[in-house]
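Trainee: Below is the structure I would like to discuss, written out as structure tokens.
2 protein chains.
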Amino acid sequence: MTEVTGTAQDAAAEGSKSQQAYAAVTARIVDGTYPPGHRLVLAAIAQDLGVSVVPVREAIRRLEAEGLVTFQRNVGATVAGIDPTEYLYTMQTLSLVEGAATALSAPFIEAGDVARARSVNEEMRACLEHFDPVRFTRLNQDFHAILFEHCPNPHILDLVHRGWNRLASLRSSTFRFVPGRARESVEEHEGLLRLIEEGADADTIERAARTHRSATLDAYLAHAHDTRA
Amino acid sequence: MTEVTGTAQDAAAEGSKSQQAYAAVTARIVDGTYPPGHRLVLAAIAQDLGVSVVPVREAIRRLEAEGLVTFQRNVGATVAGIDPTEYLYTMQTLSLVEGAATALSAPFIEAGDVARARSVNEEMRACLEHFDPVRFTRLNQDFHAILFEHCPNPHILDLVHRGWNRLASLRSSTFRFVPGRARESVEEHEGLLRLIEEGADADTIERAARTHRSATLDAYLAHAHDTRA
DNA sequence: TGCCTAGGCTTCGTATACGATTTCGTACTC
DNA sequence: GAGTACGAAATCGTATACGAAGCCTAGGCA
Numbered sequence: 001m002t003e004v005t006g007t008a009q010d011a012a013a014e015g016s017k018s019q020q021a022y023a024a025v026t027a028r029i030v031d032g033t034y035p036p037g038h039r040l041v042l043a044a045i046a047q048d049l050g051v052s053v054v055p056v057r058e059a060i061r062r063l064e065a066e067g068l069v070t071f072q073r074n075v076g077a078t079v080a081g082i083d084p085t086e087y088l089y090t091m092q093t094l095s096l097v098e099g100a101a102t103a104l105s106a107p108f109i110e111a112g113d114v115a116r117a118r119s120v121n122e123e124m125r126a127c128l129e130h131f132d133p134v135r136f137t138r139l140n141q142d143f144h145a146i147l148f149e150h151c152p153n154p155h156i157l158d159l160v161h162r163g164w165n166r167l168a169s170l171r172s173s174t175f176r177f178v179p180g181r182a183r184e185s186v187e188e189h190e191g192l193l194r195l196i197e198e199g200a201d202a203d204t205i206e207r208a209a210r211t212h213r214s215a216t217l218d219a220y221l222a223h224a225h226d227t228r229a
Numbered sequence: 001m002t003e004v005t006g007t008a009q010d011a012a013a014e015g016s017k018s019q020q021a022y023a024a025v026t027a028r029i030v031d032g033t034y035p036p037g038h039r040l041v042l043a044a045i046a047q048d049l050g051v052s053v054v055p056v057r058e059a060i061r062r063l064e065a066e067g068l069v070t071f072q073r074n075v076g077a078t079v080a081g082i083d084p085t086e087y088l089y090t091m092q093t094l095s096l097v098e099g100a101a102t103a104l105s106a107p108f109i110e111a112g113d114v115a116r117a118r119s120v121n122e123e124m125r126a127c128l129e130h131f132d133p134v135r136f137t138r139l140n141q142d143f144h145a146i147l148f149e150h151c152p153n154p155h156i157l158d159l160v161h162r163g164w165n166r167l168a169s170l171r172s173s174t175f176r177f178v179p180g181r182a183r184e185s186v187e188e189h190e191g192l193l194r195l196i197e198e199g200a201d202a203d204t205i206e207r208a209a210r211t212h213r214s215a216t217l218d219a220y221l222a223h224a225h226d227t228r229a
């Protein structure tokens with residue numbers, strides 16, 4: 001669950017109304033139909049989905065637990081914004097868990113996976129010419145998903161998925177703000193693949209993966225600072 | 001005046017029935033009234049708490065998201081067990097997030113905090129004589145809480161809390177199985193305090209904190225293996 | 001005697017209904 | 001003219017009710 005990639009369509013065909021509602025609302029948050037700060041009115045969503053409010057409530061509660069929406073008693077839910085502070089926290093957390101997930105995943109990565117990842121990375125490199133932040137971000141996610149998806153610890157893997165989900169709110173991602181970071185990113189990806197291929201130890205891989213993400217965060221922070229100054 | 005947080009007891013007096021139910025069920029899981037594997041029947045809990053099933057449902061859902069209960073559609077919820085595999089995953093995740101939380105927290109730890117932590121650790125040392133796993137585990141949690149509680153990243157801090165909560169299910173903790181580990185643990189605590197006092201860099205502290213927890217896990221695994229063999 | 005099937009019982013899932021709380025608009029007073 | 005108090009509308013929170021799905025037991029058939 002917490003499927004990063006998945007269309008809203010096949011989610012609707014799924015079992016319980018709660019799950020349907022969850023999938024639907026999640027999809028709308030991720031794809032931007034419900035932008036950050038948007039107020040989620042239970043009755044409206046319920047009517048829109050053709051269900052009662054009860055399943056919607058549960059879906060909202062679950063989203064709250066995952067941090068995608070904030071909730072205030074007797075007031076309602078709003079789509080969680082991504083103020084710079086939150087962004088920092090989320091990226092920091094993600095660098096932590098994704099680094100670990102990648103390291104733990106590494107021993108289970110087959111040659112075929114590396115090849116796929118490399119192909120995605122080449123696409124990213126090509127993408128650098130006519131730079132499209134949204135597409136680049138999507139490829140970036142695909143790339144990393146290949147690397148961490150074999151993580152044998154489901155808890156850590158789940159945390160990684162949640163982190164990515166939260167970031168999905170800002171659709172164009174960091175790379176819109178710091179396009180210069182994109183090129184470095186592609187190079188670091190190749191370095192990461194080499195480490196995995198040569199069977200580097202877990203600590204080295206974890207450090208590399210974490211640093212890779214932290215660097216993106218740092219670039220963003222430097223950019224934000226420059227802009228403000 | 002908005003009531004914010006309180007203990008599990010006066011939580012019953014607190015606002016929404018959902019929160020009451022959540023607090024009540026959580027407390028019962030943690031204190032062992034609902035042991036692992038215990039089936040959580042919505043209607044029964046609702047009647048017991050004097051509320052309707054709807055708030056209970058929401059509470060259960062939240063507990064599910066936090067991993068304290070497992071849920072099966074059209075079947076119901078049961079208190080999440082801690083089979084060895086789950087234990088491994090949880091401890092591994094906790095070592096990861098707690099290590100990071102401790103490192104991030106370190107710069108904000110005052111001399112007074114160190115003194116308190118040291119005093120707790122001395123209590124643990126004293127506790128080694130008439131060894132009481134439950135008490136030891138409680139002190140252990142207190143000790144670590146002092147170290148990671150100043151973590152400025154609320155997401156990571158939350159993950160640490162969740163990890164500890166899950167472990168609370170097995171009340172007497174690892175130390176019942178691996179009493180030999182207790183003494184080492186106390187020594188490592190002192191080492192950790194020294195690192196913090198002398199302002200070691202984040203990476204060193206993180207590594208130390210993580211290793212400390214991993215060592216407990218390894219001890220458990222070795223024990224489990226010996227027992228089986 | 002053993003296995004398969006049918007019925008009832010338990011429990012969950014969701015809809016509807018109503019009370020409680022917040023918010024916003026408006027009128028009144030200082 | 002500004003601030004406050006009152007009231008109505010919107011929205012949330014929870015209870016109750018009924019339909020649906022799983023599970024257990026009893027009975028029939030090979």
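Residue numbers (this note's numbering), protein chains in the order written: chain A, 1 to 229; chain B, 1 to 229.
Positions of the beta carbon are idealized from the N, C-alpha and C atoms, including for glycine.
Predicted model only: the values in this text are computed from it and were never measured.
1. Report the three-state DSSP secondary structure of A222(A) (helix, strand or coil).
2. Looking only at its chain, what residues have a beta carbon closer than 8 angstroms to the beta carbon of S52(B), apart from the 5 residues adjacent to it on each side?
3. Bridge partners for A77(A) per DSSP, in chain order?
4. Alpha helix (DSSP H) containing L96(A): first to last residue?
5. Between R166(A) and V134(A), what straight-line distance do the alpha-carbon atoms span, to the nearest angstrom?
6. What does the Cβ neighbour count give for R57(A), buried or exposed, with the cut at 16 atoms within 10 Å?
7. Let me know the secondary structure DSSP gives V178(A) once reduced to three states.
8. What are the residues in the region 149-160 of chain A lying within 8 angstroms of chain B by C-beta distance?
9. Please report whether the beta-carbon of A43(A) lies at a distance below 7 angstroms from any beta-carbon of chain B.
10. How should P55(B) be labelled, buried or exposed, when 16 other C-beta atoms within 10 angstroms of its C-beta is the threshold for buried?
11. List, in chain order, every chain B residue whose beta-carbon is nearer than 9 angstroms to that of T89(A).
12. Among V75(A), E190(A), G199(A), whose alpha-carbon lies nearest the alpha-carbon of S119(A)?
13. Check whether the Cβ of R61(B) lies closer than 6 angstroms to any heavy atom of the ligand SAM, and answer yes or no.
14. Any C-beta of chain A within less than 7 angstroms: which residues of the region 74-87 of chain B qualify?
15. Are any of the Cβ atoms in chain B nearer than 7 angstroms to that of L93(A)?
16. What separation, rounded to the nearest whole angstrom, lies between the Cα atoms of T85(B) and L68(B)?
17. So if I threshold CB-CB distances at 8 angstroms, which residues from the region 50-61 of chain B count as touching chain A?
18. Report yes if the C-beta distance between T211(B) and L147(B) is below 7 angstroms; otherwise report no.
19. Excluding sequence positions up to five away, which residues of its chain have a Cβ less than 8 angstroms from the Cβ of A80(A)?
20. Helix, strand or coil: how does DSSP classify N153(B) here?
21. Grouping DSSP H, G and I as helix and E and B as strand, with all else coil, what is E110(A)?
22. What residues of chain B sit near G15(A), judged by a beta carbon separation below 8 angstroms?
23. Does the separation of the CB atoms of S105(A) and H150(A) fall below 7 angstroms?
24. Within its chain, find whatever has a CB closer than 6 angstroms to the CB of D218(B); leave out the 5 residues flanking it on each side and keep chain order.
25. Would you mind reading off the limits of the alpha helix (DSSP H) that contains S18(A)?
26. Give the interface partners of A65(A) over in chain B, defined as CB-CB distance under 9 angstroms, in chain order.
27. Residues of chain B with CB under 7 angstroms from A281(A), in chain order?
28. Compute the Euclidean distance between the alpha carbons of H130(A) and V160(A), then round it to the nearest angstrom.
29. I'd like the list of long-range same chain contacts for A117(A), defined as Cβ closer than 8 angstroms, with 5 residues on each side in sequence excluded.
30. Going by DSSP in three states, E66(B) sits in which element: helix, strand or coil?
31. By alpha-carbon positions, which one of L40(B), P152(B), R176(B) ends up nearest to H223(B)?
32. Within its chain, find whatever has a CB closer than 7 angstroms to the CB of T204(B); leave out the 5 residues flanking it on each side and keep chain order.
33. For N74(B), count the other beta carbons within 10 Å of its own beta carbon; 16 or more makes it buried, fewer makes it exposed. Which is it?
34. Spatial neighbours of L157(B) within its chain, please: CB distance less than 8 angstroms, with the 5 preceding and 5 following residues excluded, ordered by chain position.
35. Report all residues from its chain with a CB closer than 7 angstroms to the CB of S214(B); omit the five preceding and five following residues, and keep chain order.
Mentor: Let's see:
1. helix
2. K17, A46
3. L40(A), F71(A)
4. 84-105
5. 15 angstroms
6. buried
7. coil
8. N153, P154, H155, I156, L159
9. no
10. buried
11. Note that residue 89(A) is Tyr in the sequence shown here, rather than Thr. Those are P152, N153, P154, H155, I156, listed as they occur along chain B.
12. E190(A)
13. Only the bare structure without any ligand can be found here, which leaves the ligand SAM out of the picture.
14. none
15. Note on residue identity: the sequence assigns Thr, not Leu, to residue 93(A). Yes - at least one Cβ of chain B is within 7 angstroms of the one on T93(A).
16. 15 angstroms
17. V54, R57, E58, R61
18. no
19. P36, G67, L68, V69, T70, E86, R166, S169
20. coil
21. coil
22. R73
23. yes
24. none
25. 17-30
26. R61, R62, E64, A65, E66
27. Coverage of chain A is limited to positions 1 through 229, which leaves residue 281(A) absent and any answer about it impossible.
28. 29 angstroms
29. F143, I146, L147, H189, L193
30. helix
31. R176(B)
32. L195
33. exposed
34. A101, F148, E149, C151
35. S95
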